[in-house]
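K.L.:
Sharing a structure here in structure tokens format.
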Amino acid sequence: MPAFPKKWLLVIIALAVVIPLLKPVLPDLVSDYRLFLVSTMMIAAIAVLGLNLLTGFNGQISLGHSAFYAVGAYTAAILMDKLDVPYYATLPVAAVVCFIVGYLFGLPALKLEGHYLALATFALALAVPQILKYKWLEDLTGGVQGIVLSKPEPPFGIPLSEDQWLYYYIFVVMVILYWAANNMLNSRSGRAMMAIRDYHIAADTMGIDTSLYKTVTFGISAAYTGIAGALSASAIAFVAPDSFNFFLSIKFLIGLVVGGVGSLTGSIIGGIFYVLVDNSAQALSTFVKNDLGLPFDLSAYTVFGILLIVLMYLMPMGIVGGVYILIRRLQRAGRGAPAAASRPAEAGKGH
Amino acid sequence: MNTSRRGFLGGASTAAVLSASGVALAQKKYDDGASDTEIKIGHCCPYSGPASAYGVIGKLHQAFWKSVNEAGGINGRKVNFITLDDGYSPPKTVEVVRQLVEQEKVLLLYQTLGTPTNTAIHKYVNQKKIPHLYISTGASKWGDPKHFPWTMGFQPDYHTEGAIYAKHLLSTVKDAKIGVLMQNDDYGKDYWEGFKEGLGKEANRVVKHVTYEVTDPTVDSQVIQLKDSGATAFFNISTPKFAAQAIRKSADIGWKPTQYLNNVSASVAAVIKPAGYEASQGILTAAYLKDPTDKQWDNAPDMKTWRAWMDKNMAGANQADANYAFAYSVSSLMLETLKRCGDTLTRDNVMKQAAGYSKYVVPLALPGITINTSPTDYYPIQAVQLARFKGESWELFGDIMHAEST
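As structure tokens, then:
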């Protein structure tokens, strides 16, 4: 996948910085609620990026990332609740805790490949909400009642609303994390990670310490998702075991596949997709029933499922892959190449 | 200079006219979400996900407000009932409730369902000063007008109910050894805390306390453990499917303790019948609503009205599902509250009316159980009556117990 053009990247960042400040001018378009929605999208994008590092770039499948998300969220919540740690200071701690948990989990996972690894991580996703309820941990985690927190407030009397501040806070964290991930992937280590994904034995022969890379990647991936969890604890201002059920893992996976496996831009699109489509699926199902007057009582998840199937059929390589192929086709059509028909077959081959 | 002065004068006179017209319309006052033609109500519950069985409550509310609108609305205004799916996930609840409050600008929220989900929005709705009424959870923390003046529950709280069982148990079962089966979540915990509080110093009488997860297939092994502990009394804190399994299993293995069954699972059709009438004789529970599957209420006027309403508005729905009776009862109270608001549809007035009930009778409540609220009492129903299962229905006994007295 090609890198995103730098010029456009700067334009997007500039827009993302300026638009929330337009709130007094366009109160209906840039409302607190919309900023909050975008914040949730960015949190989801970070979590999907974490999963992408593991699955997309290192080829290890995980169904257990809701567990790391939960560990990150609870680490942040406990620090804020019990020790009065300021919200921004919880991020590095959550990252370190999740890295350690991910690394340790990565060790036995070395012996497992493909489906077996997926099952082991699945067990992790199921176990964590139960562990959070466990009576020995109850004093710390609040058990089934969860922990109620306060929302971050803008410091130094900056005249921003809570949601504007939250937006900038999460935006900055996201930009730093993406920058770090991009640097890592373009380095020697990143190439090693991808070499392991593409051909494990060849990577081994070339002298890459595959087990070290695999466990460390597991740790980094968990740390990213854990940071997303810690951000969500601040944004929602409440954590409870019910927030981190197995379905959350599936949502990350959906975001990953829909956005584009092995693509940084894809992770952002995946995060946006997962929040947006989840919300609009219900709106669409009520629209079909009430406004169009069709006799279908579709549940929101049915609509969600149909959308996914259609999308996967039209864009099997995710949205980023699909758009990329589309642009290439348009370019070729622009150049008027008549022999274009034989080309698409090649696109799937290249590693 | 001249222009700006004229502008000032014009502005001032416009303001004067506006304030004068404000006086003229003093009888009609509106906040966001209310107008001459419409009242916007927000609601969310799990239509999908692990707790989607509760979705029937939301379905009934939709049908209820549709029928209210068909009958002409409330004081000439139609109700615009907006209900969203939160999948019982607290972060999702925050998102949909913010959508309801900030985008849809509803006048009030009501019957939002679940303890963790409502906890997640508790602070938010009180900061925003949005009425958060008759919410669908039995946790004890919702009646706290001092700290959360915009949130009010509906049903008797689990904590109090648990305490009532404990008191009854101690006074009727000699040298009790108690076994407890509990669903391992916020609902189970609330009952258990109340029960322990009711036992007080006698809490060591609990010889065995076992739990299950809502995703478990059966509770057979838990019931066997309880029998082996030698318990002579059994407090069953479980949702309908598991309650039926526990009652049946204890009969199958010949364990005959004094059984207390939480009100959540008091449905004859969903629990007692599958468990078997024979196995269920003598079970004790505390009730506040009439069970639609209990034959003794077949001729009660409110039960007949409810059945006719169900036939007309929810044809095909399973009338044995106690959730429908519950939802109908709550919606009737919401309707009455909005009627009492008259033309002053402000958020303040909604709370004032909600906190101003005295001995009001809602449909399907047991005889003698009424709605009582005040600015310092945010628990609408606080009374229950004990009942013992006999033959094929619940037989009420003893006095109506008020939580204040326990």
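Taken in sequence, the protein lines are chains R and W. Quick note on my numbering: the first sequence kicks off at 1010 and runs consecutively. Quick note on my numbering: the second sequence kicks off at 9 and runs consecutively. C-beta: ideal position from N, C-alpha, C; glycine also.
Counting C-beta neighbours from all protein chains within 10 Å, is the total for T1214 (chain R) 16 or more, i.e. buried, or is it exposed?
P.N.:
exposed
K.L.:
Over the uninterrupted alpha helix (DSSP H) stretch that includes N126 (chain W), give me the two end residues.
P.N.:
Boundaries of the alpha helix (DSSP H) around N126 (chain W): T123 to K136.
K.L.:
Go through its chain and collect everything with a Cβ distance to I261 (chain W)'s Cβ below 8 Å, but skip five positions before and after it.
P.N.:
V231, I232 and K235
K.L.:
Given that N192 (chain W) touches chain R, what residues does it touch there, using C-beta distances under 9 Å?
P.N.:
Q1139, K1142 and V1153
K.L.:
Count the CB pairs spanning the stretch 1069-1078 of chain R and the stretch 1113-1133 of chain R that are closer than 8 Å, and state whether there are at least three.
P.N.:
yes
K.L.:
Which residues in chain W sit within 7 Å of Y1310 (chain R), going by Cβ to Cβ distance?
P.N.:
The answer, in chain order, is S56.
K.L.:
For Y268 (chain W), which beta-bridge partners are listed by DSSP?
P.N.:
W:F243 and W:L292
K.L.:
What ranges does the alpha helix (DSSP H) occupy inside the stretch 333-399 of chain W, keeping only unbroken runs of at least 4 residues that lie completely in it?
P.N.:
The stretch 333-399 of chain W contains these whole alpha helix (DSSP H) runs: 355-362.
K.L.:
Using only alpha-carbon positions, find the residue among R:I1245, R:V1184, R:V1225 and R:S1276 that is nearest to G1115 (chain R).
P.N.:
By alpha-carbon distance to G1115 (chain R), the top candidate from R:I1245, R:V1184, R:V1225 and R:S1276 is R:V1225.
K.L.:
Determine which residues share a DSSP beta bridge with K37 (chain W) and list them.
P.N.:
W:T352
K.L.:
Spatial neighbours of F1247 (chain R) within its chain, please: C-beta separation below 8 Å, excluding the five flanking residues on both sides.
P.N.:
G1155, I1156, V1157 and L1158
K.L.:
Could you tell me if Y387 (chain W) is buried or exposed, where buried requires 16 or more neighbouring beta carbons within 10 angstroms of its beta carbon?
P.N.:
buried
K.L.:
For H410 (chain W), name the three-state secondary structure that DSSP assigns.
P.N.:
In the displayed model, H410 (chain W) falls within a strand according to three-state DSSP.
K.L.:
Once DSSP output is grouped into helix, strand and coil, what is the label at G30 (chain W)?
P.N.:
Any answer about G30 (chain W) is weak, because its pLDDT of 44 lies below 50 and its placement is not dependable; what the coordinates show is given next. Looking at G30 (chain W) - three-state DSSP - the assignment turns out to be helix.
K.L.:
With a threshold of 7 Å on Cβ separation, who are the neighbours of S1170 (chain R) within its own chain once the five nearest residues in sequence on each side are excluded?
P.N.:
Cβ neighbours of S1170 (chain R) beyond the five flanking positions: D1041.
K.L.:
Would K131 (chain W) count as contacting chain R if we go by Cβ distances under 8 Å?
P.N.:
Taking Cβ atoms only, chain R reaches closer than 8 Å to K131 (chain W), which makes this a yes.
K.L.:
What residues match up with A42 (chain W) in a beta bridge as DSSP calls it?
P.N.:
W:I47
K.L.:
Could you compute how far the alpha carbon of I82 (chain W) sits from the alpha carbon of N380 (chain W)?
P.N.:
23 Å
K.L.:
Could you give the distance in angstroms between the alpha-carbon of A363 (chain W) and the alpha-carbon of P383 (chain W)?
P.N.:
5 Å
K.L.:
Starting from I1245 (chain R), find everything on chain W with Cβ-Cβ shorter than 8 Å and list it in chain order.
P.N.:
P98, P99, V102 and A128
K.L.:
Can you tell me which residues form a DSSP beta bridge with E403 (chain W)?
P.N.:
W:R396
K.L.:
With burial defined as no fewer than 16 other Cβ atoms inside 10 Å of the residue's Cβ, what is the status of A32 (chain W): buried or exposed?
P.N.:
For A32 (chain W), the predicted structure reports a pLDDT of 43, less than 50, and the residue's modelled location is therefore unreliable. A value from the coordinates is still provided. Under a 10 Å Cβ-count criterion, A32 (chain W) is classified as exposed, with fewer than 16 other Cβ atoms of the shown protein chains found around its own Cβ.
K.L.:
Specify the secondary structure class of L1024 (chain R) as computed by DSSP and reduced to three states.
P.N.:
helix
K.L.:
Counting only Cβ-Cβ distances shorter than 8 Å, please list the residues of the stretch 1032-1044 of chain R near chain W, keeping chain order.
P.N.:
S1040, D1041 and Y1042
K.L.:
List the residues that DSSP assigns as beta-bridge partners of Q1139 (chain R).
P.N.:
Answer is none; Q1139 (chain R) lacks a bridge partner.
K.L.:
Rounded to whole angstroms, how far is the Cβ of V1319 (chain R) from the Cβ of G1268 (chain R), which I believe are closer than 8 Å?
P.N.:
About 16 Å; that fails the 8 Å criterion.
K.L.:
By how many angstroms is the C-alpha of A323 (chain W) removed from the C-alpha of T1150 (chain R)?
P.N.:
45 Å
K.L.:
Please classify S60 (chain W): does DSSP put it in a helix, a strand, or coil?
P.N.:
helix
K.L.:
For M1324 (chain R), does the three-state DSSP call read helix, strand or coil?
P.N.:
coil
K.L.:
Would R106 (chain W) pass as an interface residue toward chain R - the criterion being a Cβ-Cβ separation below 8 Å?
P.N.:
yes
K.L.:
Since C349 (chain W) and V338 (chain W) are thought to touch, with beta carbons under 8 Å apart, how far apart are those beta carbons, to the nearest angstrom?
P.N.:
Incorrect: roughly 17 Å between the Cβ atoms, too far for contact.
K.L.:
Please state if the CB of C1107 (chain R) and the CB of V1137 (chain R) are separated by a distance shorter than 8 Å.
P.N.:
No, these two residues do not count as a Cβ contact at 8 Å.
K.L.:
Between K1142 (chain R) and H155 (chain W), what straight-line distance do the alpha-carbon atoms span, to the nearest angstrom?
P.N.:
27 Å
K.L.:
Helix, strand or coil for T313 (chain W) per DSSP?
P.N.:
Three-state result, T313 (chain W): helix.
K.L.:
DSSP puts G187 (chain W) in a beta bridge; with which residues?
P.N.:
W:K216 and W:F242
K.L.:
Would you mind reading off the limits of the beta strand (DSSP E) that contains F1253 (chain R)?
P.N.:
Per DSSP, F1253 (chain R) belongs to no beta strand (DSSP E) and is neither H nor E.
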